[in-house]
Amino acid sequence: MCGIIGVIGADDVLLTILEGLGRLEYRGYDSAGVVLSGHDGLWRCRAAEGTHSVSDLRGLAEDAPTRPGSGVGHTRWATHGEPTAANAHPHFDCTGRLAIVHNGIIENHVELSDRLVAAGHVLVSQTDSEVLCHLIESEMADGASLSDGMRRALGQVRGSFAVAAMHADEPDLVVASRRISPLIVGVGDGASFLASDIPALLGSTRELFALEDDQLAELRPGAVQVMTLDGAPARATALSIDWDVAASRQGGFDDFMTKEIHEQPTAVADTLLGRCRADGALVLDDASGLGAADLRAVERVCIVACGSSYHAALVGKYAIERWARLPTQVDIASEFRYRDPILDEGTLTIGVSQSGETVDTLQGLREARSLGSKILVVSNVVDSSMAREADGVLYTRAGPEIGVAATKTYLTQIVALEFLALVLAQARGSLSSTEIARLMDCMLGLPDHLDTVLERTKDVAAVAQALDEARDFFFLGRHVGHPVALEGALKLKEISYLRAEGYPAGELKHGPIALIEPGTVVVGIASRNDLWEKMCSSIQEVKSRGATIVLVGNDGDEQTAELADHMLWVPRTEPMLSPVVDAIPLQFLAYWLAKAHGHDVDRPRNLAKTVTVE
Ligand code: G6P
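Numbering that gives the first Met the number 0 numbers the first residue of the sequence shown as 0 and each following residue consecutively.
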C-alpha cells in the first residue's frame, strides 16, 4: 500500500526521504515521487518504471535543489488510475506551489472534482488524491494558511486518508493528517519527520508518535504541534520502539523472504518468551487490559482477519474450541461488518493482524466494540492502530517483516492464538493443569522442530524443480491441516503467480475433483492426526485420476510416502501444533517455484504488505 515519508530540518532531506522510501518498499508499490522545497518554489520528480521506481528516483534526483529545508516522498499502490508518472504522487495544485501526498481513498472524489472543475481548477491525473490537493487550494484562496486550508478541506472529505502537504510560501512547514490510514510523526535533533510506518524512520529518530484519527500535525524543524481538525490542541500517542535498524535489513540472505523464513524458530521462541510462569500460570502481555475475570466471563469468541492472518485465525478456532471449549467463529474482515454480526458483552472479538493497520480488520473491530464486545488484538506491531484501540493485546514478537508474503508473522500468529487458547482454558478450567503444562512444553519445543525443517530447504528445491512445468495446484488438508492447505495455496499464488486452490480434502468430491487430470499437482497435508486415514483416501482418489502427489508427512512415515510422488518431510509434533511445522515446506515450495519462474519473491506484483484501503 502507499508509503509516505516527510522530512524537515534534517542535514540531508533528500537522502533521508530516499532511504525512508526504500524502507517502505516492502509495503508494495508501483510508482514513486518526491517533492522538495527549493529557492524558487517546489521541485518534484516522479517515476513509474515498474518495481524499481525508488531506485529510479535516485537517478532523476540529480538536478534536485541543494540543501532543501523540507520534502515529502511517496510510494504509490494504484487504486484510482493506472501506475503512470502522471498519477504518481506528489500532486500539485493549479499553481504548482502546493503539493500533497496521500494514502487512502477519497470516496466522494467525483462529487468534489465536479465542483472544483466547475470552479475552474484543472486536474491532470486520474487519481482521487489530486482532488484533495485542489480542494486545499480552493480553501486557501481567501488567504488561509496551509493548516487552515487542509483542515477545511478534510472536513469535506469522506473516506480514508493519511496526507502530507507542503506549500512554497511556507517552506519551513509540512502539514499532515490522518483518518483510518496510519501516520506517525517523529522529532529528532533539529528535525521532524512523518511516515506511514515505523521502519521508514528507524534510522532517523526513535522519538515517535502515532497520530490519531482526525488529528493534524504541523511539522517544523525539531518541533511537531498536534491539534484536532477543529483546531483544538491535542496529543499524539507516544510509541514504544523495540525494533532496531539492523532488523529491517537483509543481513546476508538472498532476499528478505529467505531471511524471514529462517528467523521463524527465534520468532516463535520470542513470542512465547516469559509467558509461562514458574507456577504454571500463563500470562498475556503485561499491558493486556483483559484480566482473569474478563477471560472467565467470555462466552464465545469471534475472530476477524484477512489474508494469511485469516488462515492463522482458522487454526486458532480449532485450538480455542478444543482446549477452551468456547464456540468460536472466524470471519474474513472485509465481509464481517457488512453482515450485521450478532455480538454482545459475552463475546470476545479477536483481531489478528501482523500490521495492526489493515483497514477492514480495524473497522471490523470498531463494529464489534460498538456492539459491546471486548476486543483483543494479536499484532506484530507495538502500538499499531488496532493495538491502541484494543482492551488487550497479545503481541507476536517476530520483528519487522519486509517480504510482502507473510511468513514469520503468520507462524507466530498461530503460536500466539494457540497460546491464547491455553490461557482461556486455564481461566475456564476446561483443561487440567497437567495437560496445559504438557501442551505448553510441546509449544516450547517447536523452535527445535523448525530448525530441523529449515535445514531441508534444498530437498524442497529439488521437488520444486521436478514441478517447474506444472501450472495447476490443489492443496488439500483436513482439520488443522485445512488452514495449512489454504495458506500453502495462498503463498504459491502470491509469489509464483501459479493457479493454486486450497480445499478441505472432504470437499473434493463436491466439485473440485472434476478438475483433476494428469499434470495437476495435489499437495496434501498428511502429517499424522485423527483424520490421517481419511486424508489418505482423498489422496488415493486424486492419485487414481492421474494427479502428481506431493505430501507433507512425518519423518519415517513410509505408509504416507507410498502414496506420494514427492515427499516434504517434517518432524512429528502434537497434532494441534502441526500447522506451525507443516507451513515451512510449503513456504519453501512457493519460494523455489517463484524463483524458478524468475519472480521477485519480496515484492510480488499487485500486492501490498499493509492494506490500508477497503
Ligand atoms: C496483505 C499481506 C498479507 C497479509 C494480509 C493481512 O494482503 O500481503 O501478507 O496476510 O495483508 O494483513 P495483516 O497486517 O492484517 O495481517
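For every residue, glycine included, the Cβ atom is placed at its ideal position computed from N, Cα and C.
Remember, it's a predicted structure, so these values are computed and weren't measured experimentally.
- Relative to residue 54, the option among 377, 378, 24 whose CA is nearest is 24.
- Residue environment: residue 406 is assigned as buried (16 or more neighbouring CB atoms within 10 Å of its CB, all protein chains considered).
- Apart from sequence neighbours up to five positions away, the residues of its chain that approach residue 565 with a beta-carbon distance below 6 angstroms are 462, 549, ordered along the chain.
- Straight across, the Cα-Cα distance linking residue 474 with residue 329 is about 21 angstroms.
- Set against 7 angstroms, the gap from the CB of residue 305 to the closest heavy atom of the ligand G6P is smaller.
- Spanning the alpha carbons of residue 530 and residue 479 requires a straight line of approximately 10 angstroms.
- CA-to-CA, the gap between residue 281 and residue 499 works out to about 39 angstroms.
- Look at residue 360 here: in three-state DSSP terms it is helix.
- At least one heavy atom of the ligand G6P is found less than 7 angstroms from the C-beta of residue 403.
- Separation of residue 503 and residue 528 (C-alpha to C-alpha, rounded to the nearest whole angstrom) is 15 angstroms.
- For residue 357, the distance from the CB to the nearest heavy atom of the ligand G6P is below 7 angstroms.
- Under DSSP, residue 351 forms a beta bridge with 304, 377.
- Ranked by Cα distance from residue 171, the first of 192, 154, 181, 511 is 192.
- Nearest Cα to residue 495 within the set 597, 319, 403: 597.
- Residue 185 sits in a strand when the DSSP states are folded into three classes.
- Contact between residue 301 and residue 348 holds: CB atoms are separated by about 5 angstroms, below the 8 angstroms threshold.
- Scanning its chain for C-beta atoms nearer than 7 angstroms, with the 5 sequence neighbours on each side dropped, one finds around residue 289 the residues 283, 373, 375, 390, 391, in chain order.
- The beta carbons of residue 149 and residue 215 sit about 7 angstroms from each other, so the pair counts as a contact at 8 angstroms.
- Boundaries of the beta strand (DSSP E) around residue 500: 498-503.
- Bounds of the alpha helix (DSSP H) holding residue 148 are 145-153.
- DSSP, reduced to helix, strand and coil, places residue 28 outside both helices and strands of the structure shown, so it counts as coil.
- For a cut-off of 8 angstroms, the C-beta gap from residue 350 to residue 297 is around 15 angstroms, too long to register as a contact.
- Relative to the Cα of residue 356, the nearest Cα in the group 181, 68, 6 belongs to 181.
- Considered as a whole, the segment 528-589 harbours 531-542, 557-560 as its complete alpha helix (DSSP H) runs of no fewer than 4 residues, in chain order.
- Shown here, residue 297 sits in coil according to DSSP, grouped into three states, outside any helix or strand.
- Counting along the chain, the unbroken alpha helix (DSSP H) around residue 21 starts and ends at 12-23.
- In the three-state DSSP reduction, residue 42 falls in the strand class (E or B).
- Between residue 573 and the set 560, 553, 583, the nearest pair of CA atoms involves 553.
- For residue 446, the secondary structure class from DSSP, reduced to helix, strand or coil, is helix.
- In this chain, residue 252 is not harboured by any alpha helix (DSSP H), its DSSP state being neither H nor E.
- Rounded to whole angstroms, the separation of the alpha carbons of residue 8 and residue 65 is 13 angstroms.
- Per DSSP, reduced to three states, the secondary structure at residue 139 is coil, with no helix or strand assignment.
- Taking a contact as a CB-CB distance under 8 angstroms, the pair residue 74 and residue 612 does not count as one, their CB atoms being some 14 angstroms apart.
- Per DSSP, the continuous alpha helix (DSSP H) segment holding residue 495 begins and ends at 480-495.
- Excluding the 5 residues flanking it on each side, residue 477 has same chain C-beta neighbours closer than 7 angstroms at 503, 504, 505, 530, 533, 534, in chain order.
- Inclusion of residue 308 in the 7 angstroms shell around the ligand G6P follows from its C-beta lying nearer than that to a non-hydrogen atom of the ligand.
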